[in-house]
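Enquirer: Here our numbering is used: the first residue of the sequence shown is 49, the next is one more, and so on.
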Amino acid sequence: MEAIHVIRKPLLTEKGAAQAEHNRYVFEVDKRARKDEIKRAIQEIYGVRVVAVNTSIHQAGQRRTRWGIVPGKLTKKASVRLHEDDTIELF
49 MEAIHVIRKP LLTEKGAAQA EHNRYVFEVD KRARKDEIKR AIQEIYGVRV
99 VAVNTSIHQA GQRRTRWGIV PGKLTKKASV RLHEDDTIEL F
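#1: Is Val54 closer than 8 Å to Ala89 when the C-beta atoms are compared?
#2: Counting C-beta neighbours from all protein chains within 10 Å, is the total for Leu130 16 or more, i.e. buried, or is it exposed?
#3: Tell me the rounded alpha-carbon separation between Leu59 and Ala126.
#4: Considering only C-alpha positions, which residue in the set Gly120, Arg112 and Gly95 is nearest to Ile51?
#5: Short check: CB of Thr123 to CB of Glu85, under 8 Å?
#6: Going by alpha carbons, who is nearest to Gln107 out of Val99, Thr113, Gly120 and Lys79?
#7: Can you tell me where the beta strand (DSSP E) holding Ala51 begins and where it ends?
#8: Using only the alpha-carbon positions, how far apart do Lys87 and Ala100 sit?
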């Protein structure tokens, strides 16, 4: 996968802002992306050194439609830890 297709968007939350102080950033990524692809994409796009990548898959809650109850969409989050000398300016 190309780097531009791996990273969807940075997730800016209170918890993510607290982790950013410790060089951890959270991104929404493509569900098919592997950890090595995520690491390569972050290094290419932001020009930083990635130390570790942790991923999790989250399913949104159920929603009601006229056809009944439908499960929410799956999203994949990647928590990326950077080298202590690197930072990413997200704002």
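All C-beta atoms, glycine included, are put in the ideal place defined by N, C-alpha and C.
Expert: With the given structure in hand:
#1: yes
#2: buried
#3: 10 Å
#4: According to the sequence displayed, residue 51 carries Ala and not Ile. Taking only the C-alpha atoms, the option nearest Ala51 is Gly95.
#5: no
#6: Gly120
#7: Run containing Ala51: none in the beta strand (DSSP E); it sits in the alpha helix (DSSP H), Ala51 to Val54.
#8: 8 Å
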